[in-house]
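Each remark here refers to the structure printed beneath this line.
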Amino acid sequence: MRPCDRTDSSLVGELLLLAAAAPALYFPQRFPPWAVYASLLLLAGGWVWRRLRLGVWYTPTPADWPIFLLFGVMLPISLWVAPAPLREQYSIPRAYILLWNFCLFWVVVTYGSRSRRYIELALAGFALLALAIALVAPLGMNWLYKFAGFQSLIAAIPSPLVGVFAGAETGFHPNQVAGTLLYALPLLLALGVAELLQRRQALAMPGVRFLVWLATPVIGLVLLLTQSRMALFASGLGVVVMVLVNRRWGRRLLVIAGLGVLASLPFLSATLLDTMGETSLAATLGGMGTLKFRQDVWVQAVRTIYDFPFTGIGLGTFRRIIYLLYPVQVSPYYDLEQAQHAHNFFLQTGLDFGLLGLVALAAIYLGAMIVLAPAWWGNGPSGALARMAPWWAMGLGGSLVAQVVHGQLDAVAMGAKTNLMFWYVLALTFALGNLYQYSSAHLRAQ
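First residue of the sequence shown? That's 259 in our numbering, and the numbers climb one at a time after it.
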């Protein structure tokens, strides 16, 4: 059997194992316990299968130690510290999803690092997943009516999925859907533009190219219909960064703007958020009263992390513990049924995994920056890979920027069902970095 055929069969086997394990791990309440345990064995079997077929457990990345620290140390600790009733209700179901995401991450990294063909196949899976979310989510959305121009269009969309999924009985929250789709939009937009401007520069497979062109406008439209101001702003900023970072003056402008934001932080006070929540300004900006709510939640989240710095309070338990230990002056219904997190991705990670988990998350971002920088504008291999890598790095960088910005006011928290998009983007990032690094090393050896 040729190496390519062996790799193909290995990939197919792993994908089948992942697909078979997903239902019981994502919806454990609908399956008997033995099905969940069998699904965990399927995940473990994927690693053994990879070792037998390819001779490796996984392909290393610059972020190995923080990833294994987060999953191998802090995740078990987050389950241990969670109060028993909340552990069964929230922590364990989210841990199952995180373990599935962990295995998906290494499948994408391991195979995507091997050749341009495999990383494009991984991109196809990413685009299909984002497209499926964009098509299915509107059928079960709990729509927000912030912009008057969209009301008639939204009213015409049927809602057969409302009440079908546990935890989203009133429908999917638009902010969560928007926070999921923004992972995909900058990347697909960059690759789609690359194919329009310079044929076959970013994508070699016609089917993947067509899929990117199909998915991009659909995802963009659904993102717009969610009317999530922060997601729209974050996506736009991600695109702006993609454009500016390719110019020397643009990079200088970004550095100046970043330093300006950091310098202004000490002078920002609670008065600013209070002012933005005032009725007159809220009406002008489309309703920003939730900023005051976020301010209250952030204060309590920081207090919680201060009290539980090493272990956190347990995966997914903040939604209940905040009312037990740190009462916040808002309706419990809003937080428990709709928010389910601290409205900040980084604060929520600290709550779930402690400060050490937050450090691990920061190290993962640092590793992503390290692998993207050479591919974005560094010197490297010549030929097709040199032409595709900058466009991929541009799109992946834009997606991560959008996620970081969006994470300041909202969160698709660790263990949420759509948090797999976060790990998928990171997997594509490290796969691209490995592919670029291996090609550069091979070129230097010649």
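By construction, the Cβ of each residue, glycine as well, lies at the ideal position given by its N, Cα and C atoms.
These numbers come from a predicted model, not from an experiment.
Residue pairing by DSSP puts Phe430 in a beta bridge opposite Met399.
Unbroken alpha helix (DSSP H) stretches of 4 residues or longer found wholly inside the segment 464-490: 464-484, given in chain order. Collapsing the DSSP output to three states places Trp323 in a helix. The DSSP-derived three-state label of Thr575 is coil. Where Leu389 is concerned, the enclosing alpha helix (DSSP H) starts and stops at 374-394. Just so you know, the alpha carbons of Leu327 and Gly271 end up roughly 28 Å apart. Within the same chain, Cβ atoms closer than 6 Å to the Cβ of Val659 are found at Gly496, Val499, the five residues on either side in sequence being excluded. In the DSSP assignment, Tyr441 falls outside any alpha helix (DSSP H), carrying neither H nor E. In the three-state reduction of the DSSP assignment, Tyr682 falls in the helix class. Looking at Asn504, Leu445, Arg308, Leu502, the one whose alpha-carbon comes closest to that of Pro475 is Leu445.
Secondary structure note for Pro334: its alpha helix (DSSP H) is the uninterrupted segment 333-339. Fewer than three pairs of CB atoms, one per stretch, sit closer than 8 Å, so the segment 555-572 makes no contact with the segment 622-634. If you look at Gln606, you'll find it in the alpha helix (DSSP H) that goes 603-635. Three or more pairs of CB atoms, one per stretch, sit closer than 8 Å, so the segment 359-372 contacts the segment 679-691.
In this structure Gly465 is exposed. Its beta-carbon is surrounded by fewer than 16 other beta-carbon atoms within 10 angstroms. DSSP, read as helix, strand or coil, puts Met500 in helix. Rounded to the nearest angstrom, the Cβ distance from Trp556 to Leu605 is 6 Å, consistent with a contact under 8 Å. Counting C-beta pairs with one atom in each stretch, the segment 326-345 and the segment 611-621 have three or more that are closer than 8 Å, which means they touch. The residue from Tyr441, Met399, Arg372, Phe430 with its alpha-carbon nearest to that of Ala385 is Tyr441. Nearest to Leu502 by C-alpha distance, out of Pro290, Pro343, Trp635, Leu454, is Trp635. Taking 8 Å as the cut-off, the Cβ atoms of Ser493 and Leu443 count as close. Contact annotation: His664 and Ala489 have beta-carbon atoms nearer than 8 Å.
The continuous stretches of alpha helix (DSSP H) do not include Ser371, and DSSP gives it neither H nor E. For Ser410, the enclosing alpha helix (DSSP H) has its first and last residue at 409-413.
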